[in-house]
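Note that the numbering used here has the sequence shown beginning at 11, numbered continuously upward.
In this text, a Cβ means the ideal position worked out from N, Cα and C, and glycines have one as well.
Single-structure report; data block below.
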Amino acid sequence: MQARKVLIVGGGIGGLSAAVALRRAGVEVDLVEINTSFKVYHVGIIVQGNFIRAMHELGIADQAVAAGFPQFGLQFKDLHDNVLVDIPGIPLAGNQYPSDLGMARPALHGVLTEAARTSGAKLRLGLTFETITQTADHIDVTFTDGTTGRYDLVVGADGVRSKVRTTFFPEAPTPHFTGQGVWRYNVPRPPEITRTFMCIGLDGGKCGYCPLTPTTGYVILVQSEPGNPRHPPEQLADIMRSRLDACTGLMAQFRDQIVDSSQVVYRPLEAVFVPAPWHRGRVLLIGDAAHATTPHLGQGAAQAVEDAVVLGRVFEQHQPIEQLLDAFMQRRYERCKFIYESSLQIGEWEQRPTPDADPAALTKKMLATVAQPI
Ligand SMILES: Cc1cc2nc3c(=O)[nH]c(=O)nc-3n(C[C@H](O)[C@H](O)[C@H](O)COP(=O)(O)OP(=O)(O)OC[C@H]3O[C@@H](n4cnc5c(N)ncnc54)[C@H](O)[C@@H]3O)c2cc1C
């Protein structure tokens with residue numbers, strides 16, 4: 011059978027991973043990224059065993075672990091350094107790997123872009139699609155620089171505000187503000203802090219810390235943002251610090267280091283979940299374009315990379331595209347829906363506590379679920 015050719019729109023975590031996975035399956039890959047460089051903001055990301063297992067399947071787990079801060083499990087604390095729950099991690103990629111990883115986003119992007127480049131995928135920056143025309147046998151694309159290409163499949167990996175989604179799934183829901191925002195700030199890592207912890211007890215949210223490298227980590231604050239305000243950029247540090255007023259001990263030490271507003275990364279949280287199927291003819295959505303959720307379970311990146319791994323696997327089957335995409339959906343839909351709904355549930359509990367609220371139990375259930383093979 012002639013080698014197949016796929017266009018990936020979007021060079022984020024999902025798109026770059028899909029490029030690697032498809033190249034490993036012998037597929038020819040073009041990837042277009044609208045930004046002129048593979049640049050991401052400087053704060054970090056928390057990932058778990060299923061992310062490392064998926065990276066292992068892409069052949070880059072060692073590089074990812076070397077670029078991050080290996081960790082084992084997660085703690086829930088109160089605002090005063092008292093441990094409430096200790097959740098052991100599950101080293102799903104094998105005992106030679108950690109169960110969890112903190113990674114600076116630029117470090118993760120470095121690993122993924124290097125892997126995508128060396129895989130032989132053709133990566134093009136600073137452009138996107140202009141038109142996409144489907145026929146029964148192929149799909150023709152014109153790009154914003156006037157060039158054209160013919161493909162067997164177009165993969166929309168262009169994130170929560172996906173243009174591929176709005177073009178091909180006009181009836182799909184649009185991203186909605188979930189009521190909370192996330193504040194992040196990098197600070198030095200105290201040597202004794204070797205794994206991520208989250209502190210509960212803040213009004214409308216929580217705070218915590220994640221090690222990213224031997225010398226650094228980041229402070230995380232997730233909180234209700236009534237009315238989805240636009241915070242004045244020059245006040246971000248003051249606002250973030252004041253939100254942590256109730257903390258004592260370690261979190262108070264971190265709080266006092268939040269002094270430079272230009273280094274605060276604030277994001278209102280948005281979510282969207284596209285009903286099945288995530289394909290229309292020869293166009294498929296993956297990652298946040300199909301299922302963007304909140305970071306309450308630290309699973310967004312893992313689900314994007316798992317999408318990529320499964321896409322590569324189904325392409326090894328050499329079946330008609332329609333069958334490949336159906337097989338993809340069967341393996342991805344329920345898992346992504348569970349992560350989407352559970353993440354939003356934790357955010358809901360933080361904003362409107364109920365007697366049955368139990369984020370630690372839901373986190374354990376998530377870990378058991380994602381431990382299942384993909
Ligand atoms: C505040 C916050 C904290 C988070 N923390 C975590 C965490 O700790 N752990 C975790 O696992 N996940 C976390 N996530 C989620 C995680 O970042 C996403 O799930 C993940 O980035 C999804 O990858 P993606 O490739 O689908 O989308 P993205 O990473 O958003 O990549 C999309 C790419 O497409 C490009 N693009 C957009 N439009 C076009 C276009 N028209 N043409 C071409 N290119 C285009 C973009 O420039 C971008 O490079 C967090 C998310 C947020 C908002």
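Buried versus exposed, by CB contacts within 10 Å (16 or more), residue i
i, result
"Asn196", "buried"
"Gln340", "exposed"
"Gly20", "buried"
"Tyr228", "buried"
"Ala74", "buried"
"His186", "exposed"
"His328", "exposed"
"Pro239", "exposed"
"Ser47", "exposed"
"Gly104", "exposed"
"Arg160", "exposed"
Inter-residue CB distance, residue i and residue j (contact presumed, cutoff 8 Å)
i, j, result
"Leu294", "Val165", "5 Å"
"Ala318", "Ala31", "5 Å"
"Cys257", "Lys87", "Rounded, the Cβ-Cβ distance is 10 Å, inconsistent with contact."
"Gln190", "Leu279", "5 Å"
"Thr304", "Thr184", "Their Cβ separation, rounded to whole angstroms, is 16 Å, which puts Thr304 and Thr184 out of contact at 8 Å."
"Val16", "Asp162", "6 Å"
"Glu244", "Ser271", "5 Å"
"Leu4", "Ser27", "What the structure shows of the chain is the stretch from 11 to 384, and residue 4 is not part of that stretch, so it cannot be assessed."
"Ser129", "Ala29", "6 Å"
"Gly78", "Ala35", "Not really, about 26 Å apart at Cβ, beyond 8 Å."
First through last residue of the alpha helix (DSSP H) which encompasses residue i
i, result
"Phe179", "Run containing Phe179: none; DSSP gives neither H nor E here."
"Gln263", "259–265"
"Gly227", "No alpha helix (DSSP H) holds Gly227; the beta strand (DSSP E) holding it covers 226–234."
"Ile249", "246–253"
"Val170", "Careful: Val170 lies outside any alpha helix (DSSP H) and carries neither H nor E."
"Asp298", "298–301"
Span of the beta strand (DSSP E), counted from its first residue to its last, around residue i
i, result
"Phe283", "275–283"
"Val269", "Unbroken run through Val269: none, as it is neither H nor E."
"Arg160", "158–161"
"Ile23", "First-last for Ile23: 23–34, but that is the alpha helix (DSSP H), not the beta strand (DSSP E)."
"His186", "186–198"
"Asp40", "38–43"
"Leu295", "293–295"
"Pro221", "215–221"
"Leu212", "207–212"
"Val16", "15–19"
3 or more residues per run - each beta strand (DSSP E) lying fully within the segment 123–149 = Whole beta strand (DSSP E) segments, 3+ residues: 132–135, 139–144.
Can you check the segment 311–382 for any alpha helix (DSSP H) of at least 4 residues that lies completely inside it and give the ranges in chain order?
-> Those alpha helix (DSSP H) runs which fall completely within the segment 311–382 and span 4+ residues are 331–361, 369–381.
Starting from the N-terminal side, write out each stretch of the alpha helix (DSSP H) that is 4 residues or longer and does not extend beyond the segment 52–130.
-> For the alpha helix (DSSP H) assignment, the uninterrupted runs of no fewer than 4 residues enclosed by the segment 52–130 are, from N- to C-terminal side, 59–67, 71–77, 115–129.
With a cut-off of 8 Å, do at least 3 Cβ pairs link the segment 167–176 to the segment 57–70?
-> Of all C-beta pairs linking the segment 167–176 to the segment 57–70, fewer than three are shorter than 8 Å, placing the two stretches out of contact.
Three CB pairs or more closer than 8 Å across the segment 84–103 and the segment 362–381 | Contact holds between the segment 84–103 and the segment 362–381, because three or more Cβ pairs, one in each stretch, are under 8 Å apart.
Looking at C-beta atoms only, is the number of pairs between the segment 244–253 and the segment 123–132 that lie closer than 8 Å three or more?
-> No: fewer than three Cβ pairs fall under 8 Å.
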